[in-house]
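See structure below.
Numbering (full-length UniProt numbering), first residue to last: 1 to 118.
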């Protein structure tokens with residue numbers, strides 16, 4: 001089974017579309033739509049514990065209920081005189097995250113539990 005989370009990226013609140021595929025992404029089933037706060041961003045990663053994390057402008061947020069509620073933003077990086085944007089999150093093994101930015105050149109390896117604050 002594959003899971004995907006997409007965002008339409010429009011308006012002050014964006015919508016999250018969780019979907020599932022049982023046949024190697026040929027057909028996606030059970031699309032749903034949830035409103036997101038404006039600062040969530042467009043890139044999400046579904047972690048191996050089934051929570052969802054986003055990383056935007058040097059801040060992480062996590063949802064443990066498929067995007068219905070989100071943690072408070074946790075600032076994990078700042079760079080004086082530079083923007084941290086075009087963020088990307090990757091989980092190479094359970095609980096370990098790689099966070100990078102295309103602008104600001106952040107390269108960070110961290111434990112998931114160190115990036116969460118409720």
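Just so you know, even glycine gets a beta-carbon here, dropped at the ideal spot from N, CA and C. Note that the coordinates shown come from a computational prediction; the quantities given were computed from them, not determined experimentally.
request  = If I'm right that residue 82 touches residue 58 with Cβ under 8 Å, what's the distance once you round it to whole angstroms?
outcome  = With a Cβ gap of about 10 Å, residue 82 and residue 58 do not count as contacting.
query = By the 10 Å Cβ neighbour count, where 16 or more other Cβ atoms means buried, how is residue 67 classified, buried or exposed?
reply = Under a 10 Å Cβ-count criterion, residue 67 is classified as buried, with 16 or more other Cβ atoms of the shown protein chains found around its own Cβ.
task = Would you kindly work out how many angstroms separate the C-alpha atoms of residue 48 and residue 80, rounded to a whole number?
result = Looking at the two C-alpha atoms, the distance is approximately 33 Å.
message = Please report the straight-line C-alpha distance between residue 102 and residue 115, rounded to a whole angstrom.
response = Our two residues, residue 102 and residue 115, have alpha carbons roughly 20 Å apart in a direct line.
task = Could you name the residues of the same chain whose beta carbon sits closer than 6 Å to that of residue 90, not counting the 5 residues immediately before and after it, in chain order?
result = In chain order, 98 place their CB closer than 6 Å to the CB of residue 90, counting only its own chain and leaving out the 5 sequence neighbours on each side.
query = Tell me the DSSP bridge mates of residue 99?
reply = DSSP, once it has assigned bridges, lists 89, 108 as partnering residue 99.
key: Beta-carbon gap between residue 87 and residue 45 smaller than 8 Å   = Not a contact, by the Cβ cut-off of 8 Å.
query = Which one or two residues does DSSP pair with residue 61 in a beta bridge?
reply = Per DSSP, 54.
ask   = Taking 8 Å as the CB-CB cut-off, is residue 60 touching chain C?
value = Absent from the structure: chain C. Only one protein chain is present.
message = Among 111, 53, 107, whose alpha-carbon lies nearest the alpha-carbon of residue 69?
response = Cα-wise, what sits closest to residue 69 is 53.
ask   = Any idea if residue 96 is buried or exposed, counting beta-carbon neighbours within 10 angstroms, 16 or more meaning buried?
value = Counting Cβ neighbours within 10 Å, residue 96 comes out exposed, since fewer than 16 surround it.
key: Residue nearest to residue 104 in terms of C-alpha spacing, selected from 85, 112, 73   = Looking from the CA of residue 104, the closest CA among 85, 112, 73 belongs to 85.
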